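One structure below.
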DNA sequence: TCGAACTTTCAAAATATTATGAAAGTTTAT
DNA sequence: ATAAACTTTCATAATATTTTGAAAGTTCGA
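Residue numbers (this note's numbering), protein chains in the order written: chain A, 30 to 197; chain B, 30 to 197.
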């Protein structure tokens, strides 16, 4: 396989994975493109390489910045904005964990905490089941939360070292 | 908060979380409803409680069975099928991990393995970047894969014991 | 073998998400 | 202050996903 075809495949695969995990396809593809590009690209170049519209490119780039996955760069004497993706996979994973925790996990934990407090008739099977389910899921969610927390705080060496040993 | 309202909230929250994680909202809601219900429910009851159509209920229930999250039950002397959800949160998490690994992670790893083999000009920055990105993501993906593998094989006590200690 | 009870299918409709591109907005050099 | 260079917005269009419900299919008891 030649490099251009391989690049294309990577962009497609990353896009598909993204869309399966709740990240929109184009966003994942733009990210993939930037991950494969040594230097920074302009909006124009991204639009052209992925055949997407200006508006879409703009929105997507803004979102990626919001996720902390890419950054704007400026070049002296130029008006254009350049976009550059951090190539450190561990940073990427950590960044995604951080954002998803904030956006999705935290709100759910808040609701589960509330629901854990609901009182009811101890003999009522409906209440007993409600209580068991909510309590157990709450525990699980808090563990996932702790895991994210640890990941977010940890540095790279921790990850490539300790995780590897634990799950060998 | 009273039980019926709390149940409703739980179903909504579970549905929202599901849709954020690539599981369709109705499927997550049906699952939530069954998680809150001590005994098994019929298609009819599910349709009514969630105000969804017969076709939708049927498809969703089939999918949930495919995910290994619920099971059909039959009662002696009755034609109707009843649906029952496993209430063990650890089983649920494990089952989801198993399915997503099979459906999403495995195919990506296959592609990454292929892309890792692509040869190129060692001096070419485009190739160097391609190579670093693909190799690193491949390593990460394989770690995630191993983690899933461990999770899937492990028993409940491992999870509630050892994971908790690691990420304290 | 019939028909009632129940389940499954699937084309069409409804909804939700994503993309477009022209127009408006902003910034900077002169 | 102006205009060129560039970025952002957003109503509309295109696409994708989900839901509906009536019709077809299946199963079982009599």
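For glycine and all other residues, C-beta sits at the position ideal for the given N, C-alpha and C.
Keep in mind that this is a model prediction, so the values were computed, not measured.
Indicate whether residue i and residue j have their beta-carbon atoms separated by less than 9 Å.
i: residue 174 (chain A); j: residue 130 (chain A); result: yes
i: residue 68 (chain A); j: residue 154 (chain B); result: yes
i: residue 57 (chain B); j: residue 46 (chain B); result: yes
i: residue 50 (chain B); j: residue 133 (chain A); result: yes
i: residue 147 (chain A); j: residue 166 (chain B); result: no
i: residue 123 (chain A); j: residue 181 (chain A); result: yes
i: residue 85 (chain B); j: residue 55 (chain B); result: yes
i: residue 40 (chain A); j: residue 79 (chain A); result: yes
i: residue 158 (chain A); j: residue 158 (chain B); result: no
Which residue wins for smallest C-alpha separation from residue i, given the options the options?
i: residue 59 (chain A); options: A:81, A:117, A:51; result: A:81
i: residue 114 (chain B); options: B:144, B:84, B:71, B:143; result: B:71
i: residue 42 (chain B); options: A:84, A:163, A:179; result: A:163
Quick one: measure Cβ to Cβ for residue i and residue j, integer angstroms, because I've assumed they're closer than 8 Å.
i: residue 116 (chain B); j: residue 64 (chain B); result: 6 Å
Please work out which residues of its chain come closer than 8 Å, Cβ to Cβ, to residue i, disregarding the five sequence neighbours upstream and downstream, and give them in chain order.
i: residue 90 (chain A); result: 59, 72, 75, 99, 112
i: residue 11 (chain B); result: With chain B covering 30 to 197 only, the question about residue 11 (chain B) has no answer from this structure.
i: residue 38 (chain A); result: 30
i: residue 102 (chain B); result: 69, 110, 111, 112, 113
i: residue 161 (chain A); result: none
i: residue 48 (chain B); result: 54, 57
i: residue 83 (chain B); result: 72, 76
Closer than 8 Å: is that where the CB of residue i sits relative to any heavy atom of the ligand NAD?
i: residue 53 (chain B); result: Ligands are entirely absent from the displayed structure, and the ligand NAD is therefore not among its contents.
Following the continuous alpha helix (DSSP H) through residue i, name the residue where it begins and the one where it ends.
i: residue 121 (chain A); result: 118-129
i: residue 86 (chain B); result: 83-95
i: residue 66 (chain B); result: Per DSSP, residue 66 (chain B) belongs to no alpha helix (DSSP H) and is neither H nor E.
i: residue 48 (chain A); result: 32-49
i: residue 75 (chain B); result: 72-79
i: residue 146 (chain B); result: 135-146
i: residue 175 (chain A); result: 154-182
Starting from residue i, follow the beta strand (DSSP E) in both directions and report where the run begins and ends.
i: residue 101 (chain A); result: 99-103
i: residue 114 (chain A); result: 110-114
Apart from the five residues on each side of it in sequence, which residues of its chain come closer than 6 Å, Cβ to Cβ, to residue i?
i: residue 177 (chain B); result: 126, 130
i: residue 128 (chain B); result: 96
i: residue 184 (chain B); result: none
i: residue 172 (chain A); result: none
Just to confirm my understanding: we take residue i, look at its own chain, exclude 5 residues before and 5 after, and list those with CB closer than 7 Å. What are they?
i: residue 156 (chain B); result: 149, 150
i: residue 93 (chain B); result: 56, 59, 60, 99
i: residue 145 (chain A); result: 163, 164, 167
i: residue 44 (chain B); result: 54, 57, 58, 61
i: residue 105 (chain A); result: none
i: residue 196 (chain B); result: A caution first: residue 196 (chain B) carries a pLDDT of 47, below 50, which makes its placement in the model too unreliable to give a value.
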